[in-house]
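K.L.:
These protein sequence lines are chains P, Z and G, in that order. Numbering of the first sequence is given in numbering that gives the first Met the number 0, commencing with residue 0 and proceeding in unit increments. Numbering of the second sequence is given in numbering that gives the first Met the number 0, commencing with residue 0 and proceeding in unit increments. Numbering of the third sequence is given in numbering that gives the first Met the number 0, commencing with residue 0 and proceeding in unit increments. We put the CB at the ideal spot given by N, CA and C, even for glycine. Here it is, the structure in full.
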Amino acid sequence: MAKIVVTHLEKSVMLPLVRPGRWYWALVGVLSAIVAWAAYAYTVQLQQGLVVTSMRDRISWGLYVSTFVFFIGISHAGTLVSAILRVTDANWRKPITRLAEAITVFALIVGASMVIIDLGRPDRLLYIAQFGRIESPILWDFTSITFYLTGSLLYLYLPLIPDLATLRDKMPVKARFRRWLYTRLAARWEGLPEQRRRLERALGAMAILIIPVAVSVHTVVSWIFGMTLRVGWHSTILGPYFVVGAIFSGVATLIIVMAGVRKLFHLEGIIKPIHFRNLGLMLLALDIVLLYFTLSEYLTAIYPGETQDVAWLTLLGSGQFAAMFWWMIIGGLIVPAVFVAVTRAKSVPAVVIAAILVNIGMWIERYLIVVPTMATPQTPSVIAPYWPSWVEWSVLAGAVAGFGLLLLAFCRFFPVISMWEVAEKAPTPLPEATPLPEPTPAEVAD
Amino acid sequence: MAEPSEREAFEVSRREFLRWTGLAGVAIAAAGSAPFLLAEAPEPASGSPDRRRRWTMLIDLRRCDGCKRCEVACRKEHNVPEGQNWLKVFTLTAASGTFFLPRPCMHCENPPCVKVCPVNATFRTEEGLVLIDEARCIGCRYCMAACPYDVRVFNWAKPNPPESPEEHPPDPIFGHRDHRQGVVEKCMFCAHRLKDGRLPACVEGCPMLAIYFGDANEDFVSNGYERLRLSTVLSSQQTFRYKEDLGTEPRVYYLPVRR
Amino acid sequence: MALLVAFALAAMVPVPPAAAEPVIVPFGRPVTVIVDGVVDPGEYVGSFTDPVTGVVVSWVHDDVNLSVGLVSPGTGWAGIGFGPEGVLMDGSNIIIGYVLGAVTVISDEYGVGLNHIADIGLGGRDDLLERAGSEASGKTTLEFRIPLDSGDAYDIALRTGKTFSLLLAYHDTADDLITLHTIASAGSFILERDPNRIPTRRASLGLDGLGEPREAANVTLVAQLLGDDSLPLALAVIDFFVNTSVGGGFLGAAETDAQGFARLNYTFLSPGPFRFVARFEGDLEYVPAEANTTLVAEGSPEPSVLSTSDLAVRALIFATLAGVASVYAFVVVQILLIRRISVAPRRTRGQRKGPKADRGGDT
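The following block contains the structure:
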């Protein structure tokens, strides 16, 4: 029998698959409990109707839609790290691409679930496919999320193939189901040059394609709001704002997940401070862009002083949403930027804390996009204030816990680091063109 | 052994490549864009061989005293669920004092709500009414977000059934007395009454005779007693429509208190 | 004014128009009414007591003027309103007055929304020919005379044969013109024709449409009025109506010319059948006559709405999605090819190969 060689890298990455550790199971337990509670809350909603939420006729979108936008935003993590960095050949991305791609898929799944939870008639969900209307932004959303989910699954699966082959070959003998699973999924990968070539071509095509698809997804989500006549929503900057915000919260989520996985599975040797530094600087750059967009949006709204704009901004700046608004600006945008800038992203804890603050701030930002606009009266009706009910909070907790649970489940079966990419040396340089030999005098004479 | 079989594999694959990619691509695209293809093209507003109607409402704000009996009449007519008001009377203040503005659904000719419905549950009929098919609505509430007049309401909880449910199936034409949970509803210009040649419930319920209703293509509106020639009123009085500058083309005209 | 609106809000008594029979205002000539503020028995030809308010109205007309005596059960103001059939105060001619000591004030006013405003204030005239009033034993008496047709835009032209709305109201104690009524009622009345001059002759009226009935096009409605001697009746007023889903709509009136023709233009706003009615109200000799005709307007051809731009948009969307999908397909093909290229022994049916078998054998 040939000796199965397991490199140190492979050992570190494969170990969590067989022996995840007790903290892993503890985490799974806690998250499962939260998800179970959320499921119970949802059954209450299914029984009694959406009246169990705090949404009413004038504020008819609330926590569910905000969380939907938030999770679709997170799904842009994969795009940036994996695709853009792959296209630009940034090698430092290699240890974290798998996580980014996994985050994308699971964020999309959780985000789409939030929309389904928000529907008044979820039993009629398929009507969107059967009776869809081209003119409706929700249909654009449905289509682009479907395409993005498909693409992300492909994009997650493709670079997984060589690792699946490794697992197929090197998993301990006892794990029969696992070996069967990996064998089925590994597409008979053997590392042959032709297979490599095809894989690279496929990856290259997907990497390029997934970028516009991802941009279209969050642009289309923003257009659900942008295509209405409501104050605060009917803004041309909404598309770019959402996309940048999405990549921003995606990077923050990636940082958090990276830190968690690194700690949980003792991967400090593979996920290094340099990754946190690079992502932290990216976070800072996106933060500044987002501050710029935020300034542009609010300044152009308040300067002319149009009545509706002023009413909306008053609600945000000094009205019932003031606490959340200023937390978002200061705690969600300014403080994280300061943390990262001051430490020059060299401190892993600083970057991680900044990422956590960013994500909290971004969820608040999504909430502040949806609710204050609906709370600004557009007719002389009196609008009761909205604060989510226990059902809505439970579902939010369930969504976050569910997202974590999906990631943990993924970690149980698939390696969280892309082993073959990390193991690759730098690509062999192209052979230099050898200069032609000097012509002999004889040749010159002719 | 390995190399020839590899080469065969490659050659076969090149030949099949286009076929595979093309077929698979078209199949996936068709599946993914099924909604786009199956969606009906917006129907041209073909004039029926009979009349082409253009239902219009005219509300005389000088006569409205804010008694809200129109709201009561509407709620009664449609067995409107608890807490909802399909027709709402706003109290407004202007330089001239306080006045009242009854606000039904505007049944816009360029309706923002119809544009955004993903499943065609809300639609504009050939007679100009914007109606909701309660059997189609999925409860996404996008139309509620899109309407600038706050006209639409949602059945958050299970509504009370009507006294005689058999007589009142949920259908836009039969008055919406039996309501379903989880769908959007709104004023329907009493389409079920128009069908029988009667005026909407709010028109009949106004003791001040302030609400007029009629077909703009016939050019006459009535409050049950008087008949006014609409074109004359619109051209000689300072009629206005609510939020006209949004371009929704509402079908409800108001006669201001001072004109 | 704001006070009045506040009162209206607080204590509005709804007055739905009554569906009772119209009261008949008798004809009397010569008129024996003396406008002195006192209603003497026999002074007026007819009177009636309004069951809702208790106001006693005595009146008579002679085809030229209308003389009215009001006796209200209170010491405050009393008012009477004449308007188009079914109309409440808004748009009605209102005569309202009070007696305070020796002073009698009666004003010719016009209903505007929830209020009434003196005709003079609106740019009209006070058209009361005579007025007087008195107050005795808790009752107020007002007497006045107005022309049936004053020509003022803020009065109403009354004529025989037509039903008009009648409004009555009074106040118990307030001697002014602005306090909200104690009680009010709405009914209708009709002016009696001169019994000596009952028309008996029958005219014949014909109605036709001139021009191509088509959507957005004009037709001329032509009515011809002929007397019972088959000679045209000139200078007669013909009213034109169109049947609508909300009832008969008044289009306009025209006078017949020397040939008995009266014409009115009409523009169709939609295709379909339209029923027109022409009516001659009659005069002192002729009874009313009516004619109708139905014109069917053709629809104008509409441009096709399913235009190329819609097709182009659909094609563009489909092409984009097909493009994305074909790249996905390409990727799937690559994966399948990766499988195919593999040189490892393929697992055939019935034969278990794979890692477990490999363990046992040699490589």
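#1: Under 8 Å, with one C-beta from each stretch per pair, do the segment 104-117 of chain Z and the segment 128-137 of chain P reach the 3-pair mark?
#2: Should Z/N154 be listed as close to the ligand ZN, given that the test is whether its C-beta is under 6 Å from any heavy atom?
#3: Suppose contacts are defined by Cβ-Cβ distances below 7 Å. Is G/I363 in contact with G/I79 by that definition?
#4: Could you give the distance in angstroms between the alpha-carbon of G/G247 and the alpha-carbon of P/W139?
#5: Taking Z/N159 as the query, report the chain G residues whose CB atoms sit under 8 Å from its CB, ordered along the chain.
#6: For the beta strand (DSSP E) containing G/R200, list its first residue and its last residue.
#7: Which residues of the segment 109-136 of chain G have a Cβ closer than 9 Å to any Cβ of chain P? Give them in chain order.
#8: Any contact between the segment 150-157 of chain P and the segment 203-216 of chain P? By contact I mean 3 or more CB pairs, one from each, below 8 Å.
#9: As a quick exercise: from Z/R226, Z/V256, Z/A144, pick the residue whose alpha carbon is nearest that of G/S244.
#10: When burial is assigned at 16 or more other CB atoms within 10 Å of the CB, is P/P384 buried or exposed?
#11: If you follow the alpha helix (DSSP H) that P/P192 is part of, which residue opens it and which one closes it?
#12: In angstroms with no decimal places, state the Cα-to-Cα distance between P/H75 and G/A324.
#13: Exposed or buried, which one is Z/I131 when buried takes at least 16 other CB atoms within 10 Å?
#14: Could you check whether P/T375 and P/A300 sit closer than 7 Å to each other, using their CB atoms as the reference points?
#15: With DSSP collapsed to three states, give me the class of Z/R250.
#16: Please tell me whether G/Q333 has its Cβ less than 7 Å away from any Cβ of chain P.
#17: Check this for me: beta carbons of P/T218 and P/G231, under 7 Å apart or not?
#18: Determine the DSSP secondary structure at G/F279, reduced to helix, strand or coil.
#19: What is the DSSP secondary structure of P/T375, counted as helix, strand or coil?
#20: Would G/T266 and G/L167 qualify as a contact pair, given that the criterion is a beta-carbon distance under 7 Å?
#21: Can you give me the C-alpha to C-alpha distance between P/I352 and P/V29, rounded to a whole angstrom?
#22: Does the separation of the CB atoms of P/F105 and P/F412 fall below 7 Å?
#23: Should P/V5 be flagged as near chain Z, meaning a C-beta pair shorter than 7 Å?
#24: Using the C-alpha atoms, what's the distance from Z/N159 back to P/G48?
#25: Are the CB atoms of G/R262 and G/E221 within a distance shorter than 7 Å?
#26: Where does Z/S234 land, buried or exposed, given buried means 16+ other C-beta within 10 angstroms?
#27: What does a CB cutoff of less than 8 Å around P/V339 pick up in its chain, not counting 5 residues either side in sequence?
#28: I'd like the list of long-range same chain contacts for P/L84, defined as Cβ closer than 7 Å, with 5 residues on each side in sequence excluded.
#29: By a C-beta neighbour count over all protein chains shown, 10 Å radius and 16 as the cutoff for buried, is G/Y327 buried or exposed?
#30: Return the residues of the segment 187-218 of chain Z that lie within a Cβ-Cβ distance of less than 8 Å from chain G, sorted by chain order.
#31: Output yes if chain P places a C-beta closer than 7 Å to the C-beta of Z/A144; else output no.
#32: Write down every uninterrupted run of the alpha helix (DSSP H) in the segment 228-313 of chain P whose length is 4 residues or greater and which is fully enclosed by it, in chain order.
#33: Between P/F292 and P/Y366, what straight-line distance do the alpha-carbon atoms span, to the nearest angstrom?
#34: Could you check what DSSP says for P/M323 in three-state terms: helix, strand or coil?
#35: Please go through the same chain and pick out, in chain order, the residues whose beta-carbon is closer than 7 Å to the beta-carbon of Z/C201, but skip the five residues on each side of it.
#36: For P/V50, which residues in chain Z fall below 8 Å Cβ to Cβ?
P.N.:
Reading from the atomic positions:
#1: yes
#2: By its list of ligands, the structure shown contains no ligand whatsoever, and the ligand ZN lies outside what it can speak to.
#3: Residue coverage of chain G in this structure runs from 0 to 362, which leaves residue 363 of chain G outside it and unanswerable.
#4: Straight through space, the alpha carbons of P/W139 and G/G247 are spaced by roughly 49 Å.
#5: Within 8 Å of the CB of Z/N159, no CB atom of chain G is found; the nearest one sits about 28 Å away.
#6: G/R200 -> no beta strand (DSSP E), and no H or E assigned at all.
#7: Result list empty, no residue passes.
#8: Taking a contact to require three or more Cβ pairs closer than 8 Å, the segment 150-157 of chain P and the segment 203-216 of chain P qualify as touching.
#9: Z/R226
#10: It is exposed - the Cβ of P/P384 has fewer than 16 other Cβ atoms within 10 Å.
#11: 192-225
#12: 20 Å
#13: buried
#14: Taking 7 Å as the cut-off, the Cβ atoms of P/A300 and P/T375 do not count as close.
#15: coil
#16: By this cut-off, G/Q333 is an interface position.
#17: no
#18: In the three-state DSSP reduction, G/F279 falls in the strand class (E or B).
#19: coil
#20: Not closer than 7 Å, so no.
#21: 22 Å
#22: no
#23: So, not an interface residue.
#24: 14 Å
#25: For clarity, residue 221 of chain G is Val in the given sequence; the question names Glu instead. Yes, the Cβ-Cβ distance between G/V221 and G/R262 is below 7 Å.
#26: exposed
#27: Counting only Cβ-Cβ distances below 8 Å, and skipping sequence neighbours, we find G279, L280, L282, L283, D286, A349, V350, A353.
#28: These residues qualify, in order along the chain: R92.
#29: buried
#30: L193, G196, L198, P206, M207, L208, F212, G213, D214, A215, N216, E217, D218
#31: Output row for Z/A144: interface = yes.
#32: 237-263, 272-301
#33: 17 Å
#34: helix
#35: Scanning its chain for C-beta atoms nearer than 7 Å, with the 5 sequence neighbours on each side dropped, one finds around Z/C201 the residues C69, A72, C73, L86, P103, I210, in chain order.
#36: W155, A156
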